[in-house]
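> Before I ask anything, here is the structure I am working with.
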């Protein structure tokens, strides 16, 4: 099963960083515009285990419906969300936040698996792995920019 791991140093204290990331409405700020991220349904805040968000993204101009559920929630240390419905056979995204004083080390660990057996494996090698890298590279740049510009972006 493929695993994507990423570390990002964010120029803000952990509590502020966690407050930004625990709010699913901020996903739009971290998603490439071409993916046309749009929330369809969202549970009432605050986030807790079982919290659900339904959204649509575009991939190769096709709308894809995705439902995410927060499985684990441990403020301000981290949370885990899983795909309940969407394009992957399995998607589990662990977010952890390490306190570095006035900065935060954010770690992302995504375990994922595509459907369609060997065809999914081929698609992963040819397209998906590269696209995920692009999405997470974009996300890291946006995070650093958002926090550098205003200290803490509005949650």
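Numbering (the numbering used here), first residue to last: 494 to 648.
Ideal Cβ placement from N, Cα and C applies to all residues, glycine included.
Which of helix, strand or coil does DSSP assign to residue 522?
Counted from its first residue, the chain shown places residue 522 at position 29. DSSP, reduced to helix, strand and coil, places residue 522 within a helical segment of the structure shown.
> Whole angstroms are fine: how far does the CA of residue 523 sit from the CA of residue 601?
Taking the first residue of the chain shown as 1, we reach residue 601 at position 108. Taking the first residue of the chain shown as 1, we reach residue 523 at position 30. Here the alpha carbon of residue 601 sits roughly 14 angstroms from the alpha carbon of residue 523.
> Which stretch, first to last residue, makes up the alpha helix (DSSP H) that contains residue 612?
The count along the chain shown starts at 1 and reaches residue 612 at position 119. Where residue 612 is concerned, the enclosing alpha helix (DSSP H) stretches over 610–616.
> Roughly how many angstroms separate the alpha carbons of residue 547 and residue 585, rounded to a whole number?
Here the question's residue 547 lines up with position 54 in the chain shown. Here the question's residue 585 lines up with position 92 in the chain shown. Straight-line Cα distance between these residues: approximately 16 angstroms.
> Touching or not, the region 587–599 and the region 607–627, by the rule of three or more beta carbon pairs under 8 angstroms?
no
> Would you tell me roughly how many angstroms separate the C-alpha atoms of residue 497 and residue 554, rounded to the nearest one?
Numbered from 1 along the chain shown, position 4 holds the residue referred to as residue 497. Numbered from 1 along the chain shown, position 61 holds the residue referred to as residue 554. When rounded, the distance between both Cα atoms is 24 angstroms.
> Is it the case that the Cβ atoms of residue 558 and residue 579 are separated by a distance below 8 angstroms?
Position 65 of the chain shown, counting from 1, holds the residue named residue 558. Position 86 of the chain shown, counting from 1, holds the residue named residue 579. Result yes, Cβ atoms of residue 558 and residue 579 sit closer than 8 angstroms.
> What residue from 570, 532, 562 has the CA that sits closest to residue 556's CA?
Taking the first residue of the chain shown as 1, we reach residue 556 at position 63. Looking at the Cα atoms, 532 is the closest of the given residues.
> For residue 505, which three-state DSSP category applies?
Counted from its first residue, the chain shown places residue 505 at position 12. In the structure shown, residue 505 adopts coil according to DSSP, grouped into three states.
> Considering only C-alpha positions, which residue in the set 551, 587, 549, 582 is nearest to residue 565?
By 1-based counting over the chain shown, the position of residue 565 is 72. Comparing Cα-Cα distances from residue 565 to each of 551, 587, 549, 582, the minimum goes to 587.
> DSSP three-state call for residue 470: helix, strand or coil?
Beyond the ends of the chain as shown, which are 494 and 648, falls residue 470; an answer cannot be given.
> Using the C-alpha atoms, what's the distance from residue 515 back to residue 567?
Counting from 1 along the chain shown, the entry for residue 567 is found at position 74. Counting from 1 along the chain shown, the entry for residue 515 is found at position 22. Each residue's Cα considered, the two are about 10 angstroms apart.
> Return helix, strand or coil for residue 587, following the three-state DSSP convention.
Your numbering for residue 587 matches position 94 in the chain shown. Here residue 587 sits in strand by DSSP.
> Look up residue 593 in the DSSP assignment and say whether it is helix, strand or coil.
Here residue 593 is taken as the residue at index 100 of the chain shown, counted from 1. Of the three classes helix, strand and coil, the one that applies to residue 593 here is coil, per DSSP.
> Should residue 574 go down as buried or exposed, given a rule of 16 or more other Cβ atoms within 10 Å for buried?
The count along the chain shown starts at 1 and reaches residue 574 at position 81. Per the 10 Å Cβ criterion, buried.
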